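Just below is one structure, and these are the notes that go with it.
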Amino acid sequence: MVCNEWSPSSGRTMTQRILLIVSGGIAAYKSLELVRLLKAKDMAVRAVMTESAKEFVTPMSLGVLTEDHVYGDMFDLKEEREIGHIQLSREADLIVIAPATANILAKMAGGIADDLATTILLATDKPVLACPAMNVRMWHHKATQRNILKLKEDGIHILEPGVGAMACNEWGKGRLPEPAEILAEIERVLVEAQTTDEHPLLTDTTRTINAPDLSEHNLFGHHVLVTAGPTHEPIDPVRYIANRSSGKQGFAIAAAAARAGAKVTLVAGPVMLPTPAGVTRIDVETAREMLAVVETTLPVDIAILVAAVADWRAADEAVQKIKKDGHAPAPLRLEENPDILATLARHGQRPGLLIGFAAETEAVLDHAAAKRARKGADWIVANDVSGDVMGGATNEVHLVTAAGIEDWPEMTKSAVAARLIERIADALAGR
Ligand code: CTP
């Protein structure tokens, strides 16, 4: 079967497209389990095999699991006519090489393109994650280490191999990480790619030529404030109250606002996310710090408060680590934190457009509408966080405004961000 559409397995919405390149090593069998895990996460997977990979797993097994044609031949006219190597290299959200042999890493580092896999890797403008697997001595060889360093410099993500017994009866570093670990790294890189929208493998010149016009800069001249992430409320020097917010949605909104030409200030709680291009970021830890920093950014034209601010903090923060003393622990007394959204709503320098988020686990729309009125926000973006939204890559939201409620379909957090920014630009333009 050859098809241009990425094959959905069950009619469900595929959120991310992975192009999996399997090169020839004994660990190639793990690629089958990786495909199964990716499909279980509703990702669409298309596979490319090198000639030597076919000595370890068959195209038939990969094809059955990916539910797609398995690509392999650079000079197959049928493959090239129906889906060329350039298209293969561009239509994925992420290219994963698992296992990546010393040989394919060396070719990548040298920019060699002598088969379909390496040609795709040279032609792509998408993020690439390589998962090396090889004999321990090959891994530690200066040539391999030089290539790994070069690839990292070039912006290739490298998942370090594991340490353990090898198929060749040696022991050491070089094992392909387990498929679950590769999956976790894939999810991490996808999120990073979503929040940065970088084309890491292209030089600046090619980036300018190839980059799509991401915006009409319709927020140019506006200052946008975004809060994102959780806050941490210390109990003592080593313990704190926190929540599951990842910061991804807020970072994606800051990135989209910057792409739309706005001046963007992002006040971020403790998260491990890269700062989006064109965004001024100020890191804070607690709710009170977040409020203080937010107030210093005023006046702003638009404030989008996405942070999952902790509602409570410890009333008596201990200066030293609280020790067990054989008795029941002292009760943890809590004190309410300031509400940043409500404070901005009553502020003398109230932003022209004040937008809050409402994280709800039940009666989402009722709670969101009540929150809008109670806090004095213009708009509330309501989301149901009863599933795995916090930390996940997608979000299904409802926009609650004075005019009513808009239901948006489930989409990636960066798509939600882009749509919200577009909606704001329309509102500013009176549309
Ligand atoms: N918010 C804030 N300051 C707080 C708490 C929340 O600015 N101390 C903002 C959030 O950034 C978000 C909105 O208020 O934009 C709603 O946050 P949410 O956690 O859903 O609501 P809560 O105020 O915590 O209400 P509840 O816990 O009753 O759902």
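Numbering-wise, the numbering used here puts 291 at position 291 of the sequence shown, and it's gapless, one number per residue.
Where a beta carbon is used, it is the ideal one built from N, C-alpha and C, also for glycine.
Since we're looking at a predicted model, the values are computed, not measured.
Short CB-CB distance (under 8 Å) between residue i and chain C
i    : result
K371 : No chain C appears in this structure, which consists of one protein chain only.
Nearest-angstrom Cβ-Cβ length linking residue i and residue j, presumed shorter than 8 Å
i    : j    : result
A92  : G25  : Their Cβ separation, rounded to whole angstroms, is 22 Å, which puts A92 and G25 out of contact at 8 Å.
V224 : D339 : The pair is not a contact, with the Cβ atoms about 20 Å apart (cut-off 8 Å).
L354 : D378 : 5 Å
K321 : D236 : 5 Å
I97  : S23  : 6 Å
A425 : L219 : 6 Å
G356 : I380 : 5 Å
Local Cβ density within 10 Å of residue i, reported as buried at 16 or more and exposed below that
i    : result
H232 : buried
A429 : exposed
V400 : buried
T361 : exposed
V238 : exposed
N210 : Reliability fails at N210, whose pLDDT of 31 lies under 50, so the model's placement of it is uncertain and the value that follows must be treated cautiously. Exposed is the call here.
G72  : buried
R431 : exposed
P299 : exposed
M166 : buried
H222 : buried
M290 : buried
A102 : buried
W139 : buried
G326 : exposed
I421 : buried
T296 : exposed
K30  : buried
A373 : exposed
V64  : exposed
CB contact flag (residue i, residue j, <8 Å)
i    : j    : result
L88  : V48  : yes
I18  : I186 : yes
T118 : K107 : yes
V191 : I156 : no
L176 : A109 : no
A28  : P99  : yes
T50  : I104 : yes
N135 : G174 : yes
A358 : A382 : yes
C131 : I95  : no
L20  : A180 : no
N432 : A287 : No statement about residue 432 is possible, as the shown extent of the chain runs from 1 to 431 and does not include it.
R90  : D68  : no
H293 : V284 : Looking at the sequence provided, one finds Val at residue 293 rather than His. Their beta carbons are under 8 Å apart, which means V293 touches V284 by this criterion.
G278 : A258 : yes
W312 : I241 : yes
Nearest residue (CA-CA) to residue i, options the options
i    : options                : result
L273 : I120, I95, A255, E289  : A255
A123 : L225, I112, K142       : I112
S386 : K142, E396, D378       : E396
L341 : A359, P351, K375, E335 : K375
S246 : L183, T394, E181       : T394
L432 : M138, N135, D154, R146 : Because the chain here runs from 1 to 431, residue 432 falls outside it and cannot be looked at.
Whether or not the segment 313–330 and the segment 249–257 are in contact is what I'm after, with contact meaning three or more pairs of Cβ atoms, one per stretch, closer than 8 Å; do they touch? no
Three or more C-beta pairs closer than 8 Å, one from the segment 393–408 and one from the segment 362–377: is that the case here? yes
Report yes or no: do three or more beta-carbon pairs, one from the segment 266–283 and one from the segment 316–326, lie closer than 8 Å? no
Taking one C-beta from the segment 296–314 and one from the segment 217–229 each time, how about it: are there three or more such pairs within less than 8 Å? yes
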